[in-house]
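Taking it in order: structure first as structure tokens, then the write-up.
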Amino acid sequence: MRLIQGKISLRTRLFLAMIVLVFIACMMILVATYYQYGSESESYNQFRMERKEKQLRSQINYLVFQNSLSLSSSETWSIYNNDLQAVMNILSVDYSIFDLKGNPLFISFLPLKIIANNYVLDTKIINKIQTNSNKRYVEKNIDEIGKFQSSYSYLIDQSGNPYAILFFPYFEDVSFSENELNTFLQSLYQIYLIMLVIAIGIAYFISKYVTRSLETLRLQINSTGLLKRNKRIHLKNPSREIDSLINSYNNMIDDLEKSAERLAKTEREQAWQEMARQVAHEIKNPLTPMRLSIQNFQRRFDPMDNKNKNKVEEFSRLLIEQIDIMSNVANAFSDFATLPKAQLLPTDIVETTRRATEIFEYENVKFNSTSEKILCPLDEPQWIRAMSNLIQNGLQSVGTKKKAKIEINLFQKNNKIIIEVSDNGAGIDPNLKDKIFEPKFTTKTKGMGLGLGIVKNIIEAHKGQISYSSNSKSGTIFIIKLTLKQS
3 MRLIQGKISL RTRLFLAMIV LVFIACMMIL VATYYQYGSE SESYNQFRME RKEKQLRSQI
63 NYLVFQNSLS LSSSETWSIY NNDLQAVMNI LSVDYSIFDL KGNPLFISFL PLKIIANNYV
123 LDTKIINKIQ TNSNKRYVEK NIDEIGKFQS SYSYLIDQSG NPYAILFFPY FEDVSFSENE
183 LNTFLQSLYQ IYLIMLVIAI GIAYFISKYV TRSLETLRLQ INSTGLLKRN KRIHLKNPSR
243 EIDSLINSYN NMIDDLEKSA ERLAKTEREQ AWQEMARQVA HEIKNPLTPM RLSIQNFQRR
303 FDPMDNKNKN KVEEFSRLLI EQIDIMSNVA NAFSDFATLP KAQLLPTDIV ETTRRATEIF
363 EYENVKFNST SEKILCPLDE PQWIRAMSNL IQNGLQSVGT KKKAKIEINL FQKNNKIIIE
423 VSDNGAGIDP NLKDKIFEPK FTTKTKGMGL GLGIVKNIIE AHKGQISYSS NSKSGTIFII
483 KLTLKQS
């Protein structure tokens, strides 16, 4: 799923989470393997140390028992230095022997701290040997020759009594184990690298598979609209959670379609009701004076009156006038509903607009153009009708208290043709600016409110725009913009 507004998508989060988990698992296994290998190495060295020490103790006891050295003095021990040295060479180990007080009996190797103590064991070491249950004390040493373990233990005679203290240094041969560990870790690194690459591929496809249903939902929801024909979602083998989301979406689509149908039906009914009220209102307007005229004529009619002819003519004129008003109402609604599609042909817009103003030559309508001729795609009858409606609207806005003044200015700016129709009327209330082009809306006592609606439809059919600016003092200016070169 893509990134939206800088946020990490669910697919990316799943992918990264699986990679991190695999990486952490590899590191944990690697660390555990390292410590396990170290623990096994330590156990092995401990076992090897005890085995060598046991062999050494056996050889020393044999030599001591054969020569009855267990109760001998240090001078007697020195006589057998060569034999003790031979044991050291046979077993390839170093060792030293002290009496029970810590004085040296045989020395081949000693830690620096014992050498610094005049080759005498510290009483602390002797005490630790005595207090230990197996009469043995092991400590780790570090000096100039490296790391090693020092084992201090009693040598026991045939009666089970200690007769001396054995010092046995054990030097671990770590070169082989370290090389083996490094080789093992290198192989493990390579295996983990291959596993990580495979895990990345698997994580990518799993994250893509898991979020595929959500991506389908997202795309479908983005394309959902109230007035669209929305499609239901059907997926094969979705998970329980995704299936619940899909069912909720499909139910919402069903409810949305029902709501859209109810809304469209309500709007159609309201439109017809509003149109019916408007038509009824406009027809009732002339019917009232017609009724009053007939009633008045009945009261005043005298068969013997010599002026009956004039009265009948006057009465007929009033009826015809009101009938014409009703006919105009019907024609206006019919024209608005059946406005034909504009047939745009190359036409001189300057001459066509001038002809539209000529029928108002007695109404103080002035036309100005900066060009003698401008060819523009026009439907000539509809254009004349739009201009006539704008001029008529301006004349009606002035009223009878002052002389109307309508001015039409036509000019070209870049690839735009601009027509400005201005009047000196009372202007348009700012609160009504959003309704001025709506059908059936009017601020006048006469008219059906269809004139500006028809004008707007005609201008838009010519791929143009219409707007206005209004001031209560200077009047209103309607501004029409047409594109000179239409694709």
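First residue of the sequence shown: 3, per my numbering; consecutive thereafter. Beta carbons: idealized from backbone N, C-alpha and C, even for Gly. As the structure is a prediction and not an experimental result, all values here were calculated from the model.
With DSSP run on the structure shown, which of helix, strand or coil describes residue 52? Stepping through the sequence shown from its first residue, residue 52 is reached at position 50. Helix.
Is residue 408 near residue 427, with beta carbons less than 7 Å apart? Here residue 408 refers to the residue found at position 406 of the sequence shown. Here residue 427 refers to the residue found at position 425 of the sequence shown. It is not a contact, given that the beta carbons lie outside the stated cut-off.
Evaluate contact between the segment 474-483 and the segment 364-373, counting only Cβ atoms and requiring at least three cross-stretch pairs below 8 Å. No, the segment 474-483 does not touch the segment 364-373.
For the beta strand (DSSP E) holding residue 469, just list the boundary residues, first then last. As a working mapping, residue 469 is identified with position 467 in the sequence shown. Per DSSP, residue 469 belongs to the beta strand (DSSP E) from 467-473.
Measure the C-alpha to C-alpha separation of residue 112 and residue 62 and round it to an integer number of angstroms. Position 110 of the sequence shown, counting from 1, holds the residue named residue 112. Position 60 of the sequence shown, counting from 1, holds the residue named residue 62. The alpha-carbon of residue 112 is positioned some 18 Å away from that of residue 62.
What do you get for residue 256, buried or exposed, if any count of 16 or more other CB atoms within 10 angstroms of its CB means buried? Taking the sequence shown and counting its residues from 1, one reaches residue 256 at position 254. With a 10 Å radius around the Cβ and a threshold of 16 neighbouring Cβ atoms, residue 256 comes out exposed.
Residue nearest to residue 484 in terms of C-alpha spacing, selected from 454, 431, 414, 424: Working through the sequence shown from its first residue, we reach residue 484 at position 482. Taking only the C-alpha atoms, the option nearest residue 484 is 414.
Measure how close the beta-carbons of residue 423 and residue 393 come, nearest whole angstrom, since I'm counting them as under 8 Å. Within the sequence shown, numbered from 1, the residue matching residue 423 stands at position 421. Within the sequence shown, numbered from 1, the residue matching residue 393 stands at position 391. Contact between residue 423 and residue 393 is confirmed by a C-beta separation of about 7 Å, below the 8 Å threshold.
Can you look up residue 372 in the DSSP assignment and give me helix, strand or coil? In the sequence shown, the residue the question calls residue 372 occupies position 370. Residue 372 carries a coil assignment under DSSP once its states are collapsed to helix, strand and coil.
Nearest CA to the CA of residue 135: which residue from 123, 155, 124? Stepping through the sequence shown from its first residue, residue 135 is reached at position 133. For residue 135, the nearest C-alpha among the options comes from 155.
Taking the Cβ atom as the reference point for each residue, do residue 130 and residue 139 lie within a distance shorter than 7 Å? Your numbering for residue 130 matches position 128 in the sequence shown. Your numbering for residue 139 matches position 137 in the sequence shown. For the pair residue 130 and residue 139, the CB atoms are nearer than the 7 Å cut-off.
Taking the beta carbon of residue 464 as the centre, do at least 16 other beta carbons fall within 10 Å, making it buried, or is it exposed? Here residue 464 refers to the residue found at position 462 when the sequence shown is read from its first residue. Buried: at least 16 other Cβ atoms inside 10 Å.
When DSSP labels each residue in this structure, what does residue 135 get in the three-state scheme? Here the question's residue 135 lines up with position 133 in the sequence shown. In this structure, residue 135 counts as coil in the three-state DSSP scheme.
Could you name each continuous beta strand (DSSP E) segment of 3 residues or more that falls completely within the segment 136-210, going from the start of the chain to the end? Assignment of beta strand (DSSP E) within the segment 136-210, counting only whole runs of 3 or more residues, yields 138-145, 148-158, 164-172 in chain order.
When you compare only the Cα positions, how much space is there between residue 164 and residue 158? On the sequence shown, position 162 is the one that residue 164 refers to. On the sequence shown, position 156 is the one that residue 158 refers to. Straight-line spacing of the CA atoms in residue 164 and residue 158 works out to 4 Å.
Residue 72 and residue 107 - do their beta-carbons sit closer together than 7 Å? Along the sequence shown, one-based indexing puts residue 107 at 105. Along the sequence shown, one-based indexing puts residue 72 at 70. Judged by their CB atoms, residue 107 and residue 72 are not nearer to each other than the 7 Å cut-off.
Considering only residues of the same chain and omitting the five flanking positions on each side of residue 90, which have a CB-CB separation below 8 Å? Residue mapping note: residue 90 aligns to position 88 of the sequence shown, counting from 1. Cβ-Cβ distances below 8 Å link residue 90 to 96, 97, 110 in the same chain, with the five nearest sequence neighbours on each side left out; the list follows chain order.
Going by alpha carbons, who is nearest to residue 362 out of 329, 398, 350? For the purposes of this step, residue 362 is taken as residue 360 along the sequence shown, with counting starting at 1. For residue 362, the nearest C-alpha among the options comes from 398.
Is DSSP giving residue 113 helix, strand or coil here? As a first step, residue 113 must be located in the sequence shown, where it is residue number 111. DSSP places residue 113 in coil when its eight states are reduced to three.
Who are the Cβ neighbours of residue 475 in its own chain at under 8 Å, not counting the five residues just before and after it? Position 473 of the sequence shown, counted from the first residue, corresponds to residue 475. Closer than 8 Å at the Cβ level, and outside the excluded window around residue 475, lie 429.
With a 10 Å radius around its C-beta and 16 neighbouring C-beta atoms as the bar for buried, classify residue 124 as buried or exposed. Numbered from its first residue, the sequence shown carries residue 124 at position 122. Exposed is the call here.
Kindly identify the DSSP beta-bridge partner or partners of residue 377. The residue you call residue 377 lines up with position 375 of the sequence shown. Residue pairing by DSSP places residue 377 opposite 350 in a beta bridge.
Residue 186 and residue 58 look like a contact to me (Cβ under 8 Å); what is the Cβ gap, rounded to whole Å? The sequence position of residue 186 within the sequence shown is 184, counting from 1. The sequence position of residue 58 within the sequence shown is 56, counting from 1. Contact flag wrong, Cβ pair sits at about 32 Å.
Below 7 Å between beta carbons: does that hold for residue 13 and residue 209? Indexing the sequence shown from 1 puts residue 13 at position 11. Indexing the sequence shown from 1 puts residue 209 at position 207. Yes. Within cutoff.
Unbroken alpha helix (DSSP H) run spanning residue 395, endpoints: The residue labelled residue 395 in the question sits at position 393 within the sequence shown. For residue 395, the enclosing alpha helix (DSSP H) covers residues 382-400.
Could you tell me the alpha carbon to alpha carbon distance between residue 458 and residue 386, rounded to whole angstroms? Mapped onto the sequence shown, residue 458 falls at position 456. Mapped onto the sequence shown, residue 386 falls at position 384. Those two C-alpha atoms are separated by around 13 Å.
Classification of residue 195 by the beta-carbon crowding that lies within 10 angstroms, buried from 16 upward: Counting from 1 along the sequence shown, the entry for residue 195 is found at position 193. Exposed, since its Cβ has fewer than 16 Cβ neighbours within 10 Å.
Collapsed DSSP secondary structure at residue 40 in the structure displayed: Along the sequence shown, read from residue 1 onward, the residue named residue 40 stands at position 38. Residue 40: helix per DSSP, three-state reduction.
In terms of DSSP beta bridges, what is residue 414 paired with? To locate residue 414, count along the sequence shown from 1; it is residue 412. Residue 414 pairs with 419.
Going by C-alpha distance, which of 346, 74, 389 is nearest residue 377? The residue you call residue 377 lines up with position 375 of the sequence shown. With distances taken between Cα atoms, residue 377 lies closest to 346.
Compute the distance between the beta-carbons of residue 99 and residue 166, then report whether it is under 7 Å. Counting from 1 along the sequence shown, the entry for residue 99 is found at position 97. Counting from 1 along the sequence shown, the entry for residue 166 is found at position 164. Taking 7 Å as the Cβ cut-off, residue 99 and residue 166 qualify as a contacting pair.
Have a look at 353, 417, 401 and flag the residue whose alpha-carbon is nearest the alpha-carbon of residue 389. Translated into the one-based positions of the sequence shown, residue 389 becomes position 387. Cα-wise, what sits closest to residue 389 is 353.
Three-state secondary structure (DSSP) of residue 458: Within the sequence shown, the letter at position 456 stands for residue 458. If DSSP states are grouped into helix, strand and coil, residue 458 belongs with the helices.
Terminal residues of the beta strand (DSSP E) in which residue 430 lies: Locating residue 430 in the sequence shown gives position 428, counting from the first residue. Element bounds for residue 430: n/a, residue is neither H nor E.
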